[in-house]
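*Asks:* Residue numbering for the sequence shown follows my numbering, beginning at 5 and increasing consecutively. Idealized CB from N, CA, C, for every residue including glycine.
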Amino acid sequence: MASGLDRVNENEKPIKNAWQLKAMDANRYATKKTIAQGMLDIALLTANASQLKYILQVGEQHQFYKLMLILISLSIVMQVLSGVLSLSLSLLRDCRLHQPEFHQSANIINHIRTGFAFFTTMINLFISAFDNRLPSPQGDSLNNVN
Numbered sequence: 005m006a007s008g009l010d011r012v013n014e015n016e017k018p019i020k021n022a023w024q025l026k027a028m029d030a031n032r033y034a035t036k037k038t039i040a041q042g043m044l045d046i047a048l049l050t051a052n053a054s055q056l057k058y059i060l061q062v063g064e065q066h067q068f069y070k071l072m073l074i075l076i077s078l079s080i081v082m083q084v085l086s087g088v089l090s091l092s093l094s095l096l097r098d099c100r101l102h103q104p105e106f107h108q109s110a111n112i113i114n115h116i117r118t119g120f121a122f123f124t125t126m127i128n129l130f131i132s133a134f135d136n137r138l139p140s141p142q143g144d145s146l147n148n149v150n
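1. Using a threshold of 8 Å, state whether the C-beta atoms of residue 124 and residue 82 are closer than that.
2. Measuring straight from C-alpha to C-alpha, what distance separates residue 94 and residue 105?
3. Around the Cβ of residue 128, are there at least 16 other Cβ atoms within 10 angstroms (buried) or fewer (exposed)?
4. Are the CB atoms of residue 69 and residue 59 nearer to each other than 8 Å?
5. Quick check: is any heavy atom of the ligand MG less than 7 Å from the C-beta of residue 69?
6. Along the chain, where does the alpha helix (DSSP H) that runs through residue 98 open and close?
7. Taking all protein chains shown into account, do 16 or more other C-beta atoms lie within 10 angstroms of the C-beta of residue 79, making it buried, or fewer, making it exposed?
8. Whole angstroms are fine: how far does the CA of residue 52 sit from the CA of residue 135?
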């Protein structure tokens, strides 16, 4: 058939070829990926704000107060800068990326933003390592049930 659809009999609806069913819509995938990344960025920023609030409430009593304060603040600043770079990259894409002279600057902005994301991840690993709000071991909670 010229339409690319197969029919078993005339009463059944057309069935698409297997390659048509498996075809991935790249634009839809990119949109879902961007939304998921944005949600993860918001979750990380919210977690850092919560950690900053906790550190400020506990104050100098926290064993690693100054280190945690610096790391959490640095993480938040890097997340905000990464967001600003993402917005500038988006505006550049919408306004001028069709012009070849802006391709190199877009690549540089993208590489810097990726670096910020990497260092933010590393900083948050250190934050979680120095956070003493870890849950108590299972045995401790069972002993206090009596």
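*Replies:* In this structure, then:
1. To locate residue 124, count along the sequence shown from 1; it is residue 120. To locate residue 82, count along the sequence shown from 1; it is residue 78. Closer than 8 Å, so yes.
2. Residue numbering aside, residue 94 sits at position 90 when the sequence shown is read from its first letter. Residue numbering aside, residue 105 sits at position 101 when the sequence shown is read from its first letter. Spanning the two alpha carbons is a distance of roughly 16 Å.
3. In the sequence shown, the residue the question calls residue 128 occupies position 124. The residue in question, residue 128, is buried, as its Cβ has 16 or more Cβ neighbours within 10 Å.
4. Stepping through the sequence shown from its first residue, residue 69 is reached at position 65. Stepping through the sequence shown from its first residue, residue 59 is reached at position 55. Cβ atoms of residue 69 and residue 59: closer than 8 Å.
5. Looking at this structure, you won't find the ligand MG or any other ligand, since it has none at all.
6. Position 94 of the sequence shown, counted from the first residue, corresponds to residue 98. Element bounds for residue 98: 69-99.
7. Numbered from its first residue, the sequence shown carries residue 79 at position 75. Counting Cβ neighbours within 10 Å, residue 79 comes out buried, since at least 16 surround it.
8. By 1-based counting over the sequence shown, the position of residue 135 is 131. By 1-based counting over the sequence shown, the position of residue 52 is 48. Going by the C-alpha atoms only, they are around 12 Å apart.
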